[in-house]
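**Student:** Numbering (my numbering) for the sequence shown: 310 to 828. Using N, Cα and C, we set each Cβ at its ideal position, and we do this for glycine too. Values in this document were obtained by computation on a predicted structure and should not be read as measured data.
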Amino acid sequence: MNWMTGSMAAGGLALFLLAMLMMTEGLKTYGGRGLKRLLGRWTSTPLRGVAAGVLVTALVQSSTAVTVSTIGFVNAGLLNLRQALGVVFGTNLGTTMTGWLVSLVGFGFKIDAFALPLIAIGVAWRLIAGGKRHQGLGEALIGFGLFFIGLDYLQAAFANLAATFGAEAFGGGDRWLVAFWLGFLMTLLTQSSSASIAIILTAASGGLVGLEEGAAAVIGANLGTTTTTIFVALKATAAARRVALAHVGFNLITALVAFSILAILVRLVEAVAVFAGVVGNPAAQLALFHTVFNLMGVVILLPLAGRFAHLLERLFRSAEDDLARPQHLDATLATTPELALAAVQSELPRLQGAVRALATSALQDERPLDARINAVRQLSDAIVEFVGGLRAQNMPRDVSDALTGALRVVRYLDEVARLSFAARQIALAARTTPALLPVLTRAADVLSAEAAAPDLGVAFEHAYQHAKAALLNAAVARTIDVDGADTLLDELSALRRWAQQWEKAVAVLPAPTFPSPRP
Numbered sequence: 310m311n312w313m314t315g316s317m318a319a320g321g322l323a324l325f326l327l328a329m330l331m332m333t334e335g336l337k338t339y340g341g342r343g344l345k346r347l348l349g350r351w352t353s354t355p356l357r358g359v360a361a362g363v364l365v366t367a368l369v370q371s372s373t374a375v376t377v378s379t380i381g382f383v384n385a386g387l388l389n390l391r392q393a394l395g396v397v398f399g400t401n402l403g404t405t406m407t408g409w410l411v412s413l414v415g416f417g418f419k420i421d422a423f424a425l426p427l428i429a430i431g432v433a434w435r436l437i438a439g440g441k442r443h444q445g446l447g448e449a450l451i452g453f454g455l456f457f458i459g460l461d462y463l464q465a466a467f468a469n470l471a472a473t474f475g476a477e478a479f480g481g482g483d484r485w486l487v488a489f490w491l492g493f494l495m496t497l498l499t500q501s502s503s504a505s506i507a508i509i510l511t512a513a514s515g516g517l518v519g520l521e522e523g524a525a526a527v528i529g530a531n532l533g534t535t536t537t538t539i540f541v542a543l544k545a546t547a548a549a550r551r552v553a554l555a556h557v558g559f560n561l562i563t564a565l566v567a568f569s570i571l572a573i574l575v576r577l578v579e580a581v582a583v584f585a586g587v588v589g590n591p592a593a594q595l596a597l598f599h600t601v602f603n604l605m606g607v608v609i610l611l612p613l614a615g616r617f618a619h620l621l622e623r624l625f626r627s628a629e630d631d632l633a634r635p636q637h638l639d640a641t642l643a644t645t646p647e648l649a650l651a652a653v654q655s656e657l658p659r660l661q662g663a664v665r666a667l668a669t670s671a672l673q674d675e676r677p678l679d680a681r682i683n684a685v686r687q688l689s690d691a692i693v694e695f696v697g698g699l700r701a702q703n704m705p706r707d708v709s710d711a712l713t714g715a716l717r718v719v720r721y722l723d724e725v726a727r728l729s730f731a732a733r734q735i736a737l738a739a740r741t742t743p744a745l746l747p748v749l750t751r752a753a754d755v756l757s758a759e760a761a762a763p764d765l766g767v768a769f770e771h772a773y774q775h776a777k778a779a780l781l782n783a784a785v786a787r788t789i790d791v792d793g794a795d796t797l798l799d800e801l802s803a804l805r806r807w808a809q810q811w812e813k814a815v816a817v818l819p820a821p822t823f824p825s826p827r828p
């Protein structure tokens, strides 16, 4: 390999990676909200999750971006782990679209006939587009054009390599393992399985590698994409680690099965290639192989998604996971209202203690609130769902009234948890706005009350009105930014409701006598 061929390959790869980045970021900017809504709503079952994963990954051309978004949805409680598994499985199938794009479009047409016009249209669109969202479409078109130009350089470089070394450089069944690790290493270095697949398909198209060696390299590249997910999840939450492990597990199991029956799969692909009309097109055959073995993985693992999710939920457990899981609610109690009521009444002090710890943390420190708020709200939802599943027929009136009161308490406490963000913002603002300190002190007094204390509520209201007047006066005197004062007034109003909801909860249910969970 001479210097010119090496620089051509490196430049082509750099262009390809830049193109993938521009396509992914541009499409995410242009259609990100719609794609997020699709992921959030169209995943009620693992099968629908697979379909959503395939569609979104095919559109944004990045399985990693979709997997990271899925992790975010799981963290926010919008997806459970079982739904997320379907999306993860689907991303692996959706990423095969890049291979088809490379093999059927990249090698089937004269590159400059449409790549350069695409770039021109994309640049023009980005310059004249009014908003950032529409500029994203222009960026995606530029990336699409660069994608094929980079591919053209890669193709030329590998054609030169094939002329120098010949296909025997990677030939022989005993070289499958070498090809596998080369594919894995390429993805590890480029952090893009799409780039690795494009390199492999280009090498096969140029005659540098045979079909079996190319297939082994594709398996390695497919497994290599898990390294990105692992890097993302190293310092992430327990939920993120479970999704990452699901991604690794799917790709690893699929790779092991595919590699163990590699010869059979290659023969199957060759047979299908006859019907598909891609005989003599090694790049298209490898794209077909990539699709077939990922589809095989979905068929094998999708029926086991429930058990897989159950296994993963037992790993990487955190304090928030334990908090979100009810300790006293049992579906077997649903037929006995009195026992169900006792279970709910046992769960409520636990919820109240958790909310007290969360609210105290919001006022007194700077530790992140998101995970704890999500955990508290998941526990609230679990209690509401449990009560909603009880049979109303033949339920004694006193039990029904008690359950209604319990749901009222859950609603109050859930609202306190939700408004804890505002309490945190007021606590931070008080460092530079002393007028807020009295209302914070009164809020802490309300929170520490062991039972209903009207005097504390009255004292808080006086402090609230004083802080509100001080902020308005400061805004008029221009000693504080008007927009900033408006934001603080909104948060102060939320803090008022936060204190009122806590007072209502305490009035119905006494504060827990056992130590609250660690905030």
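1. My assumption, with CB atoms under 8 Å, is that residue 594 sits in contact with residue 582. Please give the rounded CB distance.
2. Can you give, in chain order, each stretch of the alpha helix (DSSP H) that sits fully within the segment 565-640 and has at least 4 residues?
3. Leaving out five residues on either side along the sequence, give the residues of the same chain with a beta carbon under 8 Å from the beta carbon of residue 390.
4. Between residue 492 and residue 528, how many whole angstroms is the CB-CB distance? I'm expecting something under 8 Å.
5. Could you check what DSSP says for residue 740 in three-state terms: helix, strand or coil?
6. Between residue 496 and residue 534, which are expected to be in contact by the criterion C-beta below 8 Å, what is the C-beta distance as a whole number of angstroms?
7. Smallest Cα separation from residue 698: which of 644, 577, 817?
8. Classify residue 425: buried if its beta carbon has 16 or more other beta carbons within 10 angstroms, exposed otherwise.
9. Measuring CB to CB, does residue 455 end up less than 8 Å from residue 328?
10. Would you mind reading off the limits of the alpha helix (DSSP H) that contains residue 403?
11. If I follow the unbroken alpha helix (DSSP H) through residue 412, where does it start and stop?
12. Looking at the structure shown, is residue 790 part of a helix, part of a strand, or coil, going by DSSP?
13. Thinking C-alpha only, which one of 514, 570, 516 is nearest residue 485?
14. Look at the alpha carbon of residue 362 and the alpha carbon of residue 683, and state the distance between them as a whole number of angstroms.
15. In three-state DSSP terms, what is residue 703?
16. Could you tell me the alpha carbon to alpha carbon distance between residue 649 and residue 607, rounded to whole angstroms?
17. Ordered along the chain, which non-local residues of its own chain (more than five positions away) have a Cβ less than 6 Å from that of residue 588?
18. Inspect the beta-carbon positions of residue 756 and residue 665 and report whether they are closer than 8 Å.
19. Short of 8 Å in beta carbon distance, which residues of its chain neighbour residue 490, apart from the five on each side in sequence? Order them along the chain.
20. Relative to the ligand ATP, is the shortest distance from any of its heavy atoms to the C-beta of residue 751 smaller than 7 Å?
21. Could you give the distance in angstroms between the alpha-carbon of residue 590 and the alpha-carbon of residue 514?
22. Alpha carbon to alpha carbon, how far is residue 447 from residue 398?
23. Starting from residue 665, trace the alpha helix (DSSP H) in both directions and tell me its first and last residue.
24. Please classify residue 643: does DSSP put it in a helix, a strand, or coil?
25. Starting from the N-terminal side, write out each stretch of the alpha helix (DSSP H) that is 4 residues or longer and does not extend beyond the segment 482-550.
26. Which of the three DSSP states is assigned to residue 563 in this structure?
27. On a CA-only basis, which of 737, 655, 713 is nearest residue 672? Give me that one, please.
28. Going by C-alpha to C-alpha distance, which of 498, 794, 776 sits closest to residue 784?
29. Please tell me whether residue 638 and residue 691 are closer than 8 Å, where the distance is taken between their beta carbons.
30. So the alpha helix (DSSP H) residue 750 belongs to, where does it begin and stop?
31. Smallest Cα separation from residue 330: which of 751, 449, 597?
32. What do you reckon, are the CB atoms on residue 367 and residue 379 nearer than 8 Å?
33. Going by Cα to Cα distance, which pick from 681, 713, 711, 744 is closest to residue 728?
34. Ignore the nearest five residues each way along the sequence and tell me which others in residue 431's own chain have a CB closer than 6 Å to its CB.
35. Who are the Cβ neighbours of residue 599 in its own chain at under 8 Å, not counting the five residues just before and after it?
**Tutor:** Taking the coordinates as given:
1. One-based indexing of the sequence shown puts residue 594 at position 285. One-based indexing of the sequence shown puts residue 582 at position 273. At roughly 5 Å, the Cβ-Cβ gap stays under 8 Å, so residue 594 and residue 582 are in contact.
2. 571-585, 591-610, 614-622, 628-633
3. Here residue 390 corresponds to residue number 81 of the sequence shown, with the count starting at 1. Same-chain partners within the cutoff: 383, 548, 551, 552, 555, 618, 621, 622.
4. In the sequence shown, residue 492 corresponds to position 183, counting from 1. In the sequence shown, residue 528 corresponds to position 219, counting from 1. Confirmed, Cβ separation roughly 7 Å.
5. Against the sequence shown, residue 740 aligns to sequence position 431. Three-state DSSP puts residue 740 in coil, outside helix and strand.
6. Counting from 1 along the sequence shown, the entry for residue 496 is found at position 187. Counting from 1 along the sequence shown, the entry for residue 534 is found at position 225. Sure, about 6 Å apart at Cβ, within 8 Å.
7. Reading the sequence shown from its first residue, position 389 is the one you call residue 698. It is 644.
8. Looking up residue 425 in the sequence shown gives position 116. Exposed, because fewer than 16 other Cβ atoms sit within 10 Å of the Cβ of residue 425.
9. As a working note, residue 455 is residue 146 in the sequence shown. As a working note, residue 328 is residue 19 in the sequence shown. Against a cut-off of 8 Å, the Cβ pair of residue 328 and residue 455 comes out as a contact.
10. Within the sequence shown, residue 403 is the residue found at index 94, counting from 1. Where residue 403 is concerned, the enclosing alpha helix (DSSP H) stretches over 390-403.
11. Taking the first residue of the sequence shown as 1, we reach residue 412 at position 103. Here residue 412 belongs to no alpha helix (DSSP H), and DSSP marks it neither H nor E.
12. Along the sequence shown, one-based indexing puts residue 790 at 481. Residue state, collapsed to three classes: coil.
13. As a first step, residue 485 must be located in the sequence shown, where it is residue number 176. For the residues 514, 570, 516, the minimum Cα distance to residue 485 belongs to 570.
14. For the purposes of this step, residue 362 is taken as the residue at position 53 of the sequence shown. For the purposes of this step, residue 683 is taken as the residue at position 374 of the sequence shown. Taking the straight line joining both Cα atoms gives about 24 Å.
15. Within the sequence shown, numbered from 1, the residue matching residue 703 stands at position 394. Coil at residue 703, not helix or strand.
16. As a working mapping, residue 649 is identified with position 340 in the sequence shown. As a working mapping, residue 607 is identified with position 298 in the sequence shown. Taking the straight line from one Cα to the other gives about 40 Å.
17. As a first step, residue 588 must be located in the sequence shown, where it is residue number 279. Excluding positions up to five away in sequence, the list reads 582.
18. On the sequence shown, residue 756 is found 447 positions in, with the first residue counted as 1. On the sequence shown, residue 665 is found 356 positions in, with the first residue counted as 1. For residue 756 and residue 665, yes; Cβs fall inside 8 Å.
19. As a working mapping, residue 490 is identified with position 181 in the sequence shown. Taken in chain order, the residues that qualify are 529.
20. Ligands displayed in this structure: none; no statement on the ligand ATP is therefore possible.
21. By 1-based counting over the sequence shown, the position of residue 590 is 281. By 1-based counting over the sequence shown, the position of residue 514 is 205. Those two C-alpha atoms are separated by around 7 Å.
22. Counting from 1 along the sequence shown, the entry for residue 447 is found at position 138. Counting from 1 along the sequence shown, the entry for residue 398 is found at position 89. Taking the straight line from one Cα to the other gives about 30 Å.
23. If you number the sequence shown from 1, residue 665 lands on position 356. That run of the alpha helix (DSSP H) goes 646-673.
24. In the sequence shown, residue 643 corresponds to position 334, counting from 1. It is coil, neither helix nor strand.
25. 485-499, 502-514, 520-533, 535-542
26. Along the sequence shown, read from residue 1 onward, the residue named residue 563 stands at position 254. Looking at residue 563 - three-state DSSP - the assignment turns out to be helix.
27. Counted from its first residue, the sequence shown places residue 672 at position 363. Closest by alpha carbon: 737.
28. Along the sequence shown, one-based indexing puts residue 784 at 475. Per the Cα distances, 794.
29. Residue 638 sits at position 329 when you count from the first residue of the sequence shown. Residue 691 sits at position 382 when you count from the first residue of the sequence shown. Contact: yes.
30. As a working note, residue 750 is residue 441 in the sequence shown. Taken as a continuous stretch (DSSP letters only), the alpha helix (DSSP H) holding residue 750 covers 746-757.
31. In the sequence shown, the residue the question calls residue 330 occupies position 21. Taking only the C-alpha atoms, the option nearest residue 330 is 449.
32. To locate residue 367, count along the sequence shown from 1; it is residue 58. To locate residue 379, count along the sequence shown from 1; it is residue 70. For residue 367 and residue 379, no; Cβs fall outside 8 Å.
33. The count along the sequence shown starts at 1 and reaches residue 728 at position 419. It is 681.
34. Counted from its first residue, the sequence shown places residue 431 at position 122. The residues are 447, 450, 451.
35. Here residue 599 is taken as the residue at index 290 of the sequence shown, counted from 1. Here the set comprises 405, 408, 506, 527, 531.
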